[in-house]
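Colleague:
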Amino acid sequence: MGTIQMLDCTLRDGGYCNDCRFGLGNQRRITAGLARAGVEIIECGFLMDRVLYHPDVTRFTSPEQIGAILPGAGGEAGPQYVALADFGRYDFDRLPPRSETPIQGIRVAFHKKDWPRALEACRIVRDKGYRVFVQPMVTAGYTDREFLDLLAGVNLLEPYAFYLVDSFGTLQRPGLLRLFALADHNLAPGIRIGFHPHNNLQLAFSNAQALAELHSSRDLIVDCSVYGMGRGAGNLNTELFARYLNEQQGGRYRLAPLLDILDGVVLDFYRQNPWGYTAAYYLTASHQAHPDYGSYLERQESLSAREMDGILAGLDPARKLAFDAASIEALVRSCRQDREGRAL
Numbered sequence: 001m002g003t004i005q006m007l008d009c010t011l012r013d014g015g016y017c018n019d020c021r022f023g024l025g026n027q028r029r030i031t032a033g034l035a036r037a038g039v040e041i042i043e044c045g046f047l048m049d050r051v052l053y054h055p056d057v058t059r060f061t062s063p064e065q066i067g068a069i070l071p072g073a074g075g076e077a078g079p080q081y082v083a084l085a086d087f088g089r090y091d092f093d094r095l096p097p098r099s100e101t102p103i104q105g106i107r108v109a110f111h112k113k114d115w116p117r118a119l120e121a122c123r124i125v126r127d128k129g130y131r132v133f134v135q136p137m138v139t140a141g142y143t144d145r146e147f148l149d150l151l152a153g154v155n156l157l158e159p160y161a162f163y164l165v166d167s168f169g170t171l172q173r174p175g176l177l178r179l180f181a182l183a184d185h186n187l188a189p190g191i192r193i194g195f196h197p198h199n200n201l202q203l204a205f206s207n208a209q210a211l212a213e214l215h216s217s218r219d220l221i222v223d224c225s226v227y228g229m230g231r232g233a234g235n236l237n238t239e240l241f242a243r244y245l246n247e248q249q250g251g252r253y254r255l256a257p258l259l260d261i262l263d264g265v266v267l268d269f270y271r272q273n274p275w276g277y278t279a280a281y282y283l284t285a286s287h288q289a290h291p292d293y294g295s296y297l298e299r300q301e302s303l304s305a306r307e308m309d310g311i312l313a314g315l316d317p318a319r320k321l322a323f324d325a326a327s328i329e330a331l332v333r334s335c336r337q338d339r340e341g342r343a344l
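If you're matching positions, the sequence shown starts at 1 in my numbering and goes up one per residue.
Put into structure tokens, the structure is as follows:
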């Protein structure tokens, strides 16, 4: 049986809830608490070009800046620290060698149209000494042939991990297990499989359990965040999955430090800008649409769930994968005009 590790992404995915403005002190509290809890991999934020670095914000222009929020050195005995770079938003040629930075890994996220060039970026990251996490967004959007071609390219790269990314929170257990089987049977030995869930259909926790209970010989990494902090419907809860692993999979995580992060940091952000399951995010998943459409619809006054459903059904399929403000605004106007017409 392979190992199961947790990767906490509170400081990165959680940044969608507060514009990454955690504050330097809170960043340090989160990394220190996660380390005390025994979380194996801690994602510290984004690597991005064309942003102004500020120590209170988890958008970094270089990995060296991340050292300010870390409780101590990484290495095999402690947590591994990583950052995420979206392909097209970071110049990987500028990345300093791993030996000059406090982090061990880089997660490279990319859209399907970019995957050949993104794997070249992953190669640059690997050659500079980092552990590479290959993150194909909306993994379920690949055809079988496209997915197998991607896996063949990943095998040539030999990264630390390859991910199944449920970007829109649409994966149900049969689809997830099928993707896992394809990856497991076609990836080279030694490449870990990661899973990044979202909770639009309230399936993040059960899907993570389904993978853990396969008892595969492949090492598994599951992403989570404290209190599920993340855009829209949020993520798998770190505290829930840690308890499950302790009770069902022989885990030895300490839950008290996670509760301290929840009480001392995360709940304050939740009160300011709540995240979690809502009708709008359920409907975006149902229509295979980007969750930002759900955020937009929730901000509109007086739209019923049925009206949201109709609006999302009217989206051009080509516009569903990336948020298009003009398209959704036009559909909302049309919906309101129809409602006014019926009222006359």
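All residues carry an ideal CB built from backbone N, CA and C; glycine is no exception.
Check for me: the alpha helix (DSSP H) holding P257 runs from which residue to which?
Modeller: Locating residue 257 in the sequence shown gives position 257, counting from the first residue. Start and end: L255 to I261.
Colleague: How many angstroms separate the CA atom of L177 from the CA atom of L211?
Modeller: For the purposes of this step, residue 177 is identified with residue 177 of the sequence shown, where counting begins at 1. For the purposes of this step, residue 211 is identified with residue 211 of the sequence shown, where counting begins at 1. Going by the C-alpha atoms only, they are around 7 Å apart.
Colleague: Which one of Y227, I193, N235 and S217 has the shortest CA to CA distance from R271?
Modeller: As a position in the sequence shown, residue 271 is number 271, starting the count at 1. Minimum Cα distance to R271 is reached at Y227.
Colleague: Between the C-alpha atoms of G88 and L171, what's the straight-line distance to the nearest angstrom?
Modeller: Counting from one through the sequence shown, the residue named residue 88 turns up at place 88. Counting from one through the sequence shown, the residue named residue 171 turns up at place 171. Taking the straight line joining both Cα atoms gives about 26 Å.
Colleague: From R333 to G341, what does the alpha carbon distance come to, in whole angstroms?
Modeller: Within the sequence shown, the letter at position 333 stands for residue 333. Within the sequence shown, the letter at position 341 stands for residue 341. Rounded to whole angstroms, R333 to G341 spans 12 Å at the Cα level.
Colleague: Per DSSP, what kind of secondary structure is L7 in: helix, strand or coil?
Modeller: Position 7 of the sequence shown holds residue 7. Three-state DSSP puts L7 in a strand.
Colleague: Could you spell out where the beta strand (DSSP E) holding E43 opens and where it closes?
Modeller: For the purposes of this step, residue 43 is identified with residue 43 of the sequence shown, where counting begins at 1. Looking at the DSSP string, the run of the beta strand (DSSP E) that includes E43 is I41 to L47.
Colleague: Where does G251 sit, in a helix, a strand or coil, going by DSSP?
Modeller: Along the sequence shown, one-based indexing puts residue 251 at 251. Residue state, collapsed to three classes: coil.
Colleague: To the nearest angstrom, how far is the alpha carbon of Y16 from that of V132?
Modeller: For the purposes of this step, residue 16 is taken as the residue at position 16 of the sequence shown. For the purposes of this step, residue 132 is taken as the residue at position 132 of the sequence shown. Taking the straight line joining both Cα atoms gives about 23 Å.
Colleague: With three or more beta-carbon pairs closer than 8 Å as the criterion, would you say the segment 5 to 22 touches the segment 140 to 155?
Modeller: no
Colleague: Just how far apart, CA to CA, sit N273 and R50?
Modeller: As a position in the sequence shown, residue 273 is number 273, starting the count at 1. As a position in the sequence shown, residue 50 is number 50, starting the count at 1. Rounded to the nearest angstrom, the two C-alpha atoms are 26 Å apart.
Colleague: Just tell me which of T58, A35 and V39 has its CA closest to the CA of Q27.
Modeller: Looking up residue 27 in the sequence shown gives position 27. When only C-alpha atoms are compared, the closest one is T58.
Colleague: Can you find at least 3 beta carbon pairs, one from the segment 232 to 244 and one from the segment 253 to 269, that sit closer than 8 Å?
Modeller: yes
Colleague: Do I124 and F162 have their beta-carbon atoms positioned less than 8 Å apart in this structure?
Modeller: The residue labelled residue 162 in the question sits at position 162 within the sequence shown. The residue labelled residue 124 in the question sits at position 124 within the sequence shown. Contact annotation: F162 and I124 have beta-carbon atoms that are not nearer than 8 Å.
Colleague: Taking DSSP as the reference, what is the three-state secondary structure of H196?
Modeller: Within the sequence shown, residue 196 is the residue found at index 196, counting from 1. In the structure shown, H196 sits in a strand (DSSP, three-state: E or B).
Colleague: Leaving aside the five residues before and after S99 along the sequence, list all residues of the same chain whose C-beta is less than 8 Å from its C-beta, in chain order.
Modeller: Here residue 99 refers to the residue found at position 99 of the sequence shown. If we look at S99 and ignore the five residues flanking it on each side, its Cβ neighbours are G129.
Colleague: Based on the DSSP secondary-structure assignment, which residues constitute the bridge partners of G105?
Modeller: Within the sequence shown, the letter at position 105 stands for residue 105. V82 and R131.
Colleague: For a quick check, are the C-beta atoms of A313 and G169 less than 8 Å apart?
Modeller: Sequence index remark: in the sequence shown, residue 313 carries index 313 (1-based). Sequence index remark: in the sequence shown, residue 169 carries index 169 (1-based). No, the Cβ-Cβ distance between A313 and G169 is not below 8 Å.
Colleague: According to DSSP, what are the bridge partners of N207?
Modeller: Working through the sequence shown from its first residue, we reach residue 207 at position 207. The partner list for N207 (beta bridge, DSSP) is empty, contrary to what the question assumes.
Colleague: Kindly list the residues whose CB is nearer than 8 Å to the CB of L220, restricted to its own chain and excluding five residues on each side of it in sequence; keep chain order.
Modeller: Reading the sequence shown from its first residue, position 220 is the one you call residue 220. Result list for L220: G2, T3, I4, Q5, R192, I193, G194, F195, L211 and A212, in chain order.
Colleague: Can you check DSSP and say which residues form a bridge with S225?
Modeller: The count along the sequence shown starts at 1 and reaches residue 225 at position 225. Bridge partners of S225: N237.
Colleague: Just curious, the beta strand (DSSP E) that L164 is in, first and last residue?
Modeller: As a position in the sequence shown, residue 164 is number 164, starting the count at 1. A161 to V165 is the span of the beta strand (DSSP E), which, as asked, contains L164.
Colleague: Put V154 into one of helix, strand or coil per three-state DSSP.
Modeller: Your numbering for residue 154 matches position 154 in the sequence shown. Judged by DSSP in its simplified three-state form, V154 adopts helix.
Colleague: What's the C-alpha gap between R12 and T61?
Modeller: Walking along the sequence shown from the start, residue 12 turns up at place 12. Walking along the sequence shown from the start, residue 61 turns up at place 61. Near 14 Å, if we compare the C-alpha coordinates of T61 and R12.
Colleague: What residues in its chain sit with their C-beta under 7 Å from that of G14, if we drop five residues either side in the sequence?
Modeller: Reading the sequence shown from its first residue, position 14 is the one you call residue 14. Here the set comprises S225, M229 and G230.
Colleague: Can you list, in chain order, the residues of its chain whose CB lies under 7 Å from that of G276, leaving out five sequence neighbours each side?
Modeller: Your numbering for residue 276 matches position 276 in the sequence shown. Here the set comprises G228, A233 and G234.
Colleague: Just the Cα atoms here: how many angstroms apart are R339 and L315?
Modeller: For the purposes of this step, residue 339 is taken as the residue at position 339 of the sequence shown. For the purposes of this step, residue 315 is taken as the residue at position 315 of the sequence shown. If I take the Cα positions, the gap works out to 18 Å.
Colleague: Could you tell me whether the Cβ atoms of Q104 and V82 are closer together than 8 Å?
Modeller: Along the sequence shown, read from residue 1 onward, the residue named residue 104 stands at position 104. Along the sequence shown, read from residue 1 onward, the residue named residue 82 stands at position 82. Yes.
Colleague: Within this structure, are the beta carbons of P102 and L70 separated by less than 8 Å?
Modeller: The count along the sequence shown starts at 1 and reaches residue 102 at position 102. The count along the sequence shown starts at 1 and reaches residue 70 at position 70. The answer is yes: Cβ separation under 8 Å.
Colleague: Apply the 10 Å Cβ neighbour rule to R173 and answer buried if 16 or more other Cβ atoms are within range, or exposed otherwise.
Modeller: Counting from one through the sequence shown, the residue named residue 173 turns up at place 173. With fewer than 16 other Cβ atoms within 10 Å, it is exposed.
Colleague: Just curious, the alpha helix (DSSP H) that E298 is in, first and last residue?
Modeller: Here residue 298 refers to the residue found at position 298 when the sequence shown is read from its first residue. Note, E298: alpha helix (DSSP H), P291 to R299.
Colleague: Straight-line CA distance for G38 to C9?
Modeller: The count along the sequence shown starts at 1 and reaches residue 38 at position 38. The count along the sequence shown starts at 1 and reaches residue 9 at position 9. If you take the alpha carbons of G38 and C9, they lie about 14 Å apart.
Colleague: Between the Cα of H185 and the Cα atoms of G294, A152, F110 and D86, which residue gives the shortest distance?
Modeller: By one-based count along the sequence shown, residue 185 stands at place 185. The shortest C-alpha separation from H185 is found at A152.
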